[in-house]
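A short write-up of the structure that comes next.
In our numbering, the protein residues as written are -7 to 485.
Put into structure tokens, the structure is as follows:
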């Protein structure tokens, strides 16, 4: 129940000491169609307004001195009952449009703007459209700026309307310089339960080499996830950073404590923005492989070793080399290559040190080539991604709105298409990076995050139109428009 609603209470006695109460709410007429301001209220407000008092006093003085008038107030006049009007030249010849506009005192300006913007008859139009409607009937100094500011700060418009202009957020590439420096992980599923009892696929990817480790799992919990990671790290080394999403098994105490003990910095991607986790792209490729090689859906985990081999031996477009080359310094042998292998003796290394020297050189050449290719790929990807985007950053303390991601629910009579697109306001609590922030709810004080910049937009607080601005700019009487085409007494109408 709000102050904008009428409500009806009906009670029925269900039994001894039991009363059922039904409350029916209905939107008030003022909220639906706008509050009506009477002529008497307008006259009283003009008499109490400083600007209207100065104009009225000037008209009273100049009308008694041989019809002379102050040019500053030449377009103003008083109606027969003392209401202050102003002559506004019309650009068209519409006979239904009057050239005389009522001057609105500062105290009532917000009420008039609200009437022509918030009501169902106004439809929460844009600032310029609201001004076009309002300027047909009333006027005041600085009205256009006031209307535009009000429409921009309207909470309903800010939450319901999409953000205009170019989408924010420039690409911030994650840079890794060596194998298994940064590790990414994600979970696919649930899939149909396989004969081996598996329903999920845990995927671990090295950010530099693009090497993939696949672990089919029966169920998901932090301990099983960490056991898979430990197997990977025991083979390839412990990374300095681990990237995952915000799933509960990645944020549990077991997982967080394990990362802290091993000196691994755990980074989590923003909800609905998994671009920072390259495993998301790996998952897409794996899903295509699963579709191509799985006839019975329950056998989805039967060919995972072969799929992992396929990813290890495929040249990556960003590095220019296969994951196997970057991890082992050589390609993995295919069955076909073994069948076609020459029977003639191959050159043998005379010592392990010679083999190590050659392997070290191949690794060095491969790393240099991969780094150069990755630099070129990052530049191309950034240029392509940043086209049509803008750099938007917030500072700690800024008021923002957060994008909603509602889901329709027929049982509650709720449809996502009619829900607000934004919620809030929130206050920026911490700037994690140029793209991610933590927020503090203004009503509850609870912290939330990380939130990506594309899911945020600046919130404009509403201003108080009842007080004169400090600089007095909006109270200045503007230049008079051209006088009416026929010279007649405008002082009284």
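Just so it is clear, CB atoms sit at the ideal spot from N, CA and C, and this is done for glycine as well.
Here the structure is a predicted model, which is why all the values come from computation and not from measurement.
(1) Does DSSP classify residue 443 as helix, strand or coil?
(2) Which two residues bound the contiguous beta strand (DSSP E) that contains residue 228?
(3) So, at 7 Å on beta carbons, what are the nonlocal neighbours of residue 213 in its own chain, with the 5 sequence-adjacent residues on each side left out?
(4) Nearest CA to the CA of residue 185: which residue from 330, 152, 29, 291?
(5) When DSSP labels each residue in this structure, what does residue 195 get in the three-state scheme?
(6) Any idea which residues DSSP pairs residue 401 with across the strands?
(7) Just to confirm before moving on: does the CB-CB distance between residue 421 and residue 392 stay below 8 Å?
(8) What residue ranges within the region 344 to 417 form continuous alpha helix (DSSP H) runs of no fewer than 4 residues, ordered along the chain?
(9) Kindly give me the distance between the Cβ atoms of residue 230 and residue 254, rounded to whole angstroms, as I take these residues to be in contact under 8 Å.
(10) In chain order, which alpha helix (DSSP H) runs of at least 4 residues are fully inside the region 266 to 331?
(11) May I have the straight-line CA-CA distance separating residue 385 from residue 38, to the nearest angstrom?
(12) Could you pull the start and end residues of the beta strand (DSSP E) that residue 147 belongs to?
(13) With distances taken between CB atoms, is the gap from residue 429 to residue 441 smaller than 8 Å?
(14) Can you tell me the Cβ-Cβ gap for residue 93 and residue 77, rounded? I've got them flagged as a contact below 8 Å.
(15) Apart from the five residues just before and just after residue 122, which ones in its own chain have a Cβ nearer than 6 Å to its Cβ?
(16) Is it buried or exposed for residue 205, if we count other Cβ within 10 angstroms and need 16 for buried?
(17) Taking the alpha carbon of residue 154 as the reference point, which residue from 396, 444, 35 has its own alpha carbon closest?
(18) Who are the near neighbours of residue 382 in its chain, counting only those whose CB is closer than 6 Å to its CB and skipping five residues on each side?
(19) So, does the region 160 to 177 touch the region 269 to 285, judging by three or more C-beta pairs under 8 Å?
(20) So the alpha helix (DSSP H) residue 204 belongs to, where does it begin and stop?
(21) In terms of alpha-carbon separation, which member of 52, 53, 98 lies closest to residue 33?
(22) Return helix, strand or coil for residue 136, following the three-state DSSP convention.
(23) Is residue 433 helix, strand or coil by DSSP?
(24) Would you list the one or two residues that DSSP bridges to residue 257?
(25) Going by Cα to Cα distance, which pick from 202, 249, 198 is closest to residue 225?
(26) Output the boundary residues of the alpha helix (DSSP H) element that contains residue 108.
(27) So, for residue 370: in the same chain, excluding its five sequence neighbours on each side, which residues have a beta-carbon less than 7 Å away from its beta-carbon?
(28) Using DSSP bridges, identify the partner residues of residue 423.
(29) Applying the 10 Å Cβ sphere with the 16-neighbour rule, what's the burial state of residue 115?
(30) Can you tell me where the alpha helix (DSSP H) with residue 40 in it begins and where it stops?
(31) Taking DSSP as the reference, what is the three-state secondary structure of residue 249?
(32) Report the rounded CA-to-CA distance for residue 237 versus residue 183, giving the unit in angstroms.
(33) Can you find the residues in the same chain that come closer than 8 Å, C-beta to C-beta, to residue 496, ignoring five residues on each side of it along the sequence?
(34) To the nearest whole angstrom, what separates the beta carbons of residue 262 and residue 444, a pair I think is in contact under 8 Å?
(35) Pick helix, strand or coil for residue 174, following the three-state DSSP scheme.
(36) Among 141, 134, 104, which residue has its Cα nearest to the Cα of residue 125?
The answer reads as follows:
(1) strand
(2) Premise fails: residue 228 lies in the alpha helix (DSSP H), 214 to 228, not in any beta strand (DSSP E).
(3) 241
(4) 291
(5) strand
(6) 406
(7) no
(8) 344 to 378
(9) 6 Å
(10) 271 to 285, 296 to 304, 315 to 320, 327 to 331
(11) 44 Å
(12) First-last for residue 147: 147 to 152, but that is the alpha helix (DSSP H), not the beta strand (DSSP E).
(13) yes
(14) 7 Å
(15) 108, 109, 139, 143
(16) buried
(17) 396
(18) 158, 160
(19) yes
(20) Where residue 204 is concerned, there is no enclosing alpha helix (DSSP H), although the beta strand (DSSP E) it sits in stretches over 204 to 209.
(21) 98
(22) helix
(23) strand
(24) 233
(25) 198
(26) 98 to 109
(27) 165
(28) 429
(29) exposed
(30) 31 to 40
(31) helix
(32) 19 Å
(33) Nothing about residue 496 can be reported from this structure: the residues present for the chain run from -7 to 485 only.
(34) 4 Å
(35) strand
(36) 104
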